[in-house]
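J.:
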Amino acid sequence: MKDENTPKILEERQTGSAPRFSKATDQVPLNLVTVKCDAPSTFRLDDPGTWPVVVQFLLYPKTLGGAHFIPFRLLLVVLMIIFTVQLMRDGYDAWIAQYLHRLNLPVHETGHIVFSFFGNRVLHSLGGSLFQIIMPLVFCFALWIKPRDILGASVALWWAFENFIDVAVYIDDALHMKLTLISGGTGAEAPYGFHDWNFILSETGLLLKYDTIANAVYTAGYVGMWLCVLWGAWSLFYYWFYQRNSSSSW
113 MKDENTPKIL EERQTGSAPR FSKATDQVPL NLVTVKCDAP STFRLDDPGT WPVVVQFLLY
173 PKTLGGAHFI PFRLLLVVLM IIFTVQLMRD GYDAWIAQYL HRLNLPVHET GHIVFSFFGN
233 RVLHSLGGSL FQIIMPLVFC FALWIKPRDI LGASVALWWA FENFIDVAVY IDDALHMKLT
293 LISGGTGAEA PYGFHDWNFI LSETGLLLKY DTIANAVYTA GYVGMWLCVL WGAWSLFYYW
353 FYQRNSSSSW
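In this text, residue positions in the sequence shown follow this note's numbering: the first is 113, and each later residue adds one.
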């Protein structure tokens, strides 16, 4: 007796009209089942919605309006390239290094004041160099996270990595202490503890490794500055080819 709830395929099977299944594998013929699958989105530069989240976070710039002065932004990228080449060629003797040192010095001294509240002499000495790097990072994140101004963030981050070079020069002087300090004399003429990195490395037992540490900081600074150049240049490239004709973000 036929049950009304008997599936149609089973009914056809009983009457012999349904396609035969293999008893060995019991596989359903492909023409019986249609499976609809959504194809994965293809990565497209002009559609940030197809980018991985991390890539969006790192590389998607805000859409620039007509009021933004694009030639000035291009000039910033060119200047970053020129200054990075000068720093790699001339080191601390480069004009830009000397100029920025005058800006970095007040930040350095402020760092000593801020870190003095920790009550540790090593941290107090280290605070100047750390604050030189922390301050530009604050500007970098302020421009990057909310406004999505990647070019502005790249310039601020470039400044942070330039400070690596400024700090590396100080570290490289830790043993011989020939640099002229803010007091007007050299570290060798000053009391113990006045030369920050001589004190830091002496107290941590790393003084004889000063050159290795300095070279590592130099390398990090140079690599970081070039990455900042690429980051800033990317924002202009993306604007010119994908955002120029659009006044709204994706």
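Note that CB positions come from ideal geometry on N, CA and C, so glycine has one too.
#1: Please classify Arg260: does DSSP put it in a helix, a strand, or coil?
#2: I'd like to confirm the pairing. Which residues does DSSP put opposite Thr298 in its beta bridges?
#3: What runs of the beta strand (DSSP E), each 3 residues or longer, lie entirely inside the segment 143-231?
#4: By DSSP, does Phe306 sit in helix, in strand, or in coil?
#5: Kindly list the residues whose CB is nearer than 7 Å to the CB of Ala206, restricted to its own chain and excluding five residues on each side of it in sequence; keep chain order.
#6: At which residues does the alpha helix (DSSP H) containing Leu319 begin and terminate?
#7: Work out the CA separation of Leu212 and Val281 for me, nearest whole Å.
#8: Would you tell me roughly how many angstroms separate the C-alpha atoms of Ser266 and Trp343, rounded to the nearest one?
#9: Using 10 angstroms around the beta-carbon of Phe195, count the other beta-carbons present and answer buried if the total reaches 16, otherwise exposed.
#10: How would you call Tyr351, buried or exposed, if buried means at least 16 neighbouring beta carbons within 10 angstroms?
#11: Rounded to whole angstroms, what is the Cα-Cα separation between Thr298 and Leu157?
#12: Is it true that the segment 210-229 meets the segment 259-278, where meeting means three or more beta-carbon pairs spaced less than 8 Å apart?
#13: Alpha carbon to alpha carbon, what distance is there between Leu171 and Thr292?
#14: Under 8 Å by Cβ, that's how I've got Ser241 and Asp323 pegged, so tell me the actual separation to the nearest angstrom.
#15: Do you know how far the Cα of Thr154 is from the Cα of Tyr204?
#16: Taking DSSP as the reference, what is the three-state secondary structure of Asp285?
#17: Would you check if the distance between the CB atom of Leu339 and the CB atom of Ile325 is smaller than 9 Å?
#18: Could you give the distance in angstroms between the alpha-carbon of Leu318 and the alpha-carbon of Pro164?
#19: Helix, strand or coil for Asn327 per DSSP?
#20: Among Ile225, Phe276, Ser228, whose alpha-carbon lies nearest the alpha-carbon of Ala332?
#21: Taking the C-alpha atoms as reference points, what is the distance between Asn327 and Leu187?
#22: Output yes or no for whether 9 Å exceeds the beta carbon distance between Leu348 and Leu263.
T.: Taking the coordinates as given:
#1: coil
#2: Thr292
#3: none
#4: coil
#5: Gln198, Leu199
#6: Segment: none, Leu319 is in no alpha helix (DSSP H) and carries neither H nor E.
#7: 13 Å
#8: 6 Å
#9: buried
#10: buried
#11: 54 Å
#12: yes
#13: 42 Å
#14: Rounded, the Cβ-Cβ distance is 17 Å, inconsistent with contact.
#15: 47 Å
#16: coil
#17: no
#18: 42 Å
#19: helix
#20: Phe276
#21: 30 Å
#22: yes
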